[in-house]
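One structure is given below, encoded as C-alpha cells.
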Amino acid sequence: EMGPMEDVIQTPQHPYTKALVSNIPIPDPTIVRERIMLPGETPTPIELPPGCRFQPRCQEFGAQCKPDEPQLQEVSPGHFVACWFE
Numbered sequence: 357e358m359g360p361m362e363d364v365i366q367t368p369q370h371p372y373t374k375a376l377v378s379n380i381p382i383p384d385p386t387i388v389r390e391r392i393m394l395p396g397e398t399p400t401p402i403e404l405p406p407g408c409r410f411q412p413r414c415q416e417f418g419a420q421c422k423p424d425e426p427q428l429q430e431v432s433p434g435h436f437v438a439c440w441f442e
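Under my numbering, residues 357 to 442 are what the sequence shown spells out, in order.
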C-alpha cells in the first residue's frame, strides 16, 4: 500500500497495513484500539509463496490470492493498494 501518509494511516486498505496501524501506540491511555495480531511466520525472501506474498498470514485470504499476485489499484486519488479484497 502506498499513498499520502494521512490517507494510509487514517484509512488503511491492505490487511498488513491495517495490522501495522492497529499497533501504533496511542499516547492517551483512555483511548483503546483493537490490535490486529498477524498469525504465522514471515516467509523467507528465498521461499516466497506464489500469488500474494502476504497470503500465508492474511486474515482475509481467499482462493484468488494463491495463484495470482494482485496489482496496485488506485482506491482514492494517489492512494494505491495491491489486494484482491481491499
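Using N, Cα and C, we set each Cβ at its ideal position, and we do this for glycine too.
C-alpha of P381 to C-alpha of I387: approximately 10 Å in a straight line.
With the rule of 3 Cβ pairs closer than 8 Å, the segment 386–401 does not count as touching the segment 423–440.
A Cβ-Cβ distance of about 13 Å is found for the pair T373 and E362, leaving them out of contact under the 8 Å criterion. Distances from the alpha-carbon of P412 to those of P383, P385, L376, P395 put P395 closest. Judged by DSSP in its simplified three-state form, Q429 adopts strand.
Pairing Q427 with M393, the inter-Cα distance amounts to about 25 Å.
Taken through DSSP and simplified to helix, strand or coil, M358 comes out as strand.
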